[in-house]
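Residue numbers (the working numbering): 5 to 375. Data first, discussion second: the structure below is written as C-alpha cells.
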Ligand SMILES: O=C(O)C(=O)CO
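What follows is the structure in C-alpha cells.
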C-alpha cells in the first residue's frame with residue numbers, strides 16, 4: 005500500500021485531498037463549537053490596536069479622530085502648518101515607528117520623510133483631493149498605498165467657484181473697497197461688470213469639481229459650455245459640454261475656469277502666451293492650484309487690461325504675503341483657499357482619510373485609493 009502511494013501520483017493526490025478536507029472539517033467544527041470566529045476577531049482587533057498611526061496635524065477634525073480611535077490610538081502632531089515647530093516635530097516624531105500616516109498638512113511628503121518613517125510604514129492618506137504636495141514616486145518606490153479624499157469636496161469647491169465667478173465678474177472687491185472707504189460714486193457707467201447669462205464658459209479639467217460647476221452654472225443661462233482635458237469625459241454629453249483644444253477654449257471663453265490638478269504637465273498652463281489669446285473681457289477663475297498660473301504674467305495681464313478680471317481661491321505661495329502685487333489689483337478677487345472649507349465637507353474628508361487608513365491596515369483597498 006505505502007509503495008503504491010509512493011509510486012502512484014493519482015493515489016497520493018487522492019489521499020492528500022481527503023486529508024485536506026478532513027482538516028477543514030475539523031477546523032470548522034472547532035470554530036463553531038468554541039466560538040473561534042469571535043476569538044479570531046479579538047485576535048485581529050488586538051493586532052490592530054498594536055498598530056500606530058501618526059496624524060499630522062492638530063487641525064485634523066474630531067470626526068476623523070473618533071473613527072481612528074475605534075481601532076487605534078492615534079498620535080497627533082500638536083501644531084499647525086503655520087507654526088515653525090510643525091515640520092521639525094513631524095520629522096522628529098515620524099521616526100518613532102508608525103504603521104500609517106494621515107498627512108493632513110501642506111508640507112511636502114518627501115523621500116527624506118519616508119526614510120525617517122522607515123519600513124514599518126504601511127499606508128499613507130492625505131486629507132485633500134490634491135496630491136501635488138506628495139512625492140508619489142517615492143511612495144510607489146516603497147510600495148506604499150496612498151489615499152486621498154476626492155469627490156466628497158466637489159460641491160463645496162464648486163460653490164466657491166461660482167462665488168469667484170460672480171465676485172470677479174461683478175467687481176465685488178472694488179465695490180466693497182469703495183463702499184468701505186466712502187468713495188461710492190454711483191452712476192450708470194460705474195462699476196460695470198460682465199454677464200454670466202449668454203456667455204461661453206470654458207472648464208479646464210472636467211472632473212468632479214468641473215462637473216459640479218457646470219451643473220450650478222446651468223442655472224445662470226450660460227449659452228455654451230466647453231472643456232479641455234487629457235481625455236473625453238463620458239459625463240460631458242449629459243452636461244452639454246463639448247471638448248475642445250485648450251487654445252480654442254482660451255480664445256472662445258468668457259469665463260475660463262481652472263479645475264485641474266497641478267502636475268508637471270499643467271504647471272503654468274496659464275502664462276503670458278495663453279493670457280494673450282484670451283478675450284479682453286474674459287474672467288479667469290482658479291480653484292485648482294496656484295501653480296497652474298504664472299502669477300507674474302497674470303499680474304501684467306490684469307494691470308494692462310489684457311483680461312477683465314481674475315478670481316482665485318488658490319495662489320503661490322499660500323498664504324499669499326499681504327504685499328503680493330496681485331493683492332493690490334482691484335480686478336483680482338482672491339480667497340484664502342476656502343474651497344472645501346465647510347463644516348460637513350471637512351468632517352467628511354476627515355472620515356474618508358480615517359477609513360483609508362483603517363482599511364489599508366486591514367489589507368483592504370482604501371476608500372479613495374490614488375496608488
Ligand atoms: O482638497 C484639496 O485639494 C483642496 O484644495 C480643497 O480646497
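Glycine is no exception: its CB is placed at the ideal position from the N, C-alpha and C atoms.
Asked                                                                                                                                                               : Found
To the nearest whole angstrom, what separates the beta carbons of residue 205 and residue 164, a pair I think is in contact under 8 Å?                              : Actually they do not touch by this definition, with Cβ atoms about 16 Å apart.
Whole angstroms are fine: how far does the CA of residue 299 sit from the CA of residue 115?                                                                        : 29 Å
If you count every other CB in all the chains shown that lies within 10 Å of the CB of residue 317, and 16 or more means buried, which is it?                       : buried
Between the beta-carbon of residue 103 and the beta-carbon of residue 365, is there less than 8 Å?                                                                  : yes
Given a cut-off of 8 Å, decide if residue 68 and residue 355 are closer than it, judged by their beta-carbon atoms.                                                 : yes
Any idea if residue 96 is buried or exposed, counting beta-carbon neighbours within 10 angstroms, 16 or more meaning buried?                                        : exposed
Residue 347 to residue 132, Cα distance in whole Å?                                                                                                                 : 15 Å
Taking contact to mean at least 3 C-beta pairs separated by less than 8 Å, is the segment 326-339 in contact with the segment 305-317?                              : yes
Provide the residue span of the alpha helix (DSSP H) that contains residue 266, from first to last.                                                                 : Element bounds for residue 266: n/a, residue is neither H nor E.
Report yes if the CB atom of residue 226 is closer than 8 Å to the CB atom of residue 162, and no otherwise.                                                        : no
I'd like the ranges of any beta strand (DSSP E) spanning at least 3 consecutive residues and lying wholly in the segment 293-350.                                   : 313-316 and 336-338
What's the C-alpha gap between residue 370 and residue 359?                                                                                                         : 7 Å
Just list the beta strand (DSSP E) runs in the segment 124-193, keeping only unbroken ones of 3 residues or longer that don't cross its boundaries, in chain order. : 127-130
Do you know offhand how far residue 353's Cα is from residue 290's?                                                                                                 : 21 Å
If you check the beta carbons only, do residue 134 and residue 266 fall under 8 Å apart?                                                                            : yes
Under a three-way DSSP split, which group does residue 373 fall into?                                                                                               : strand
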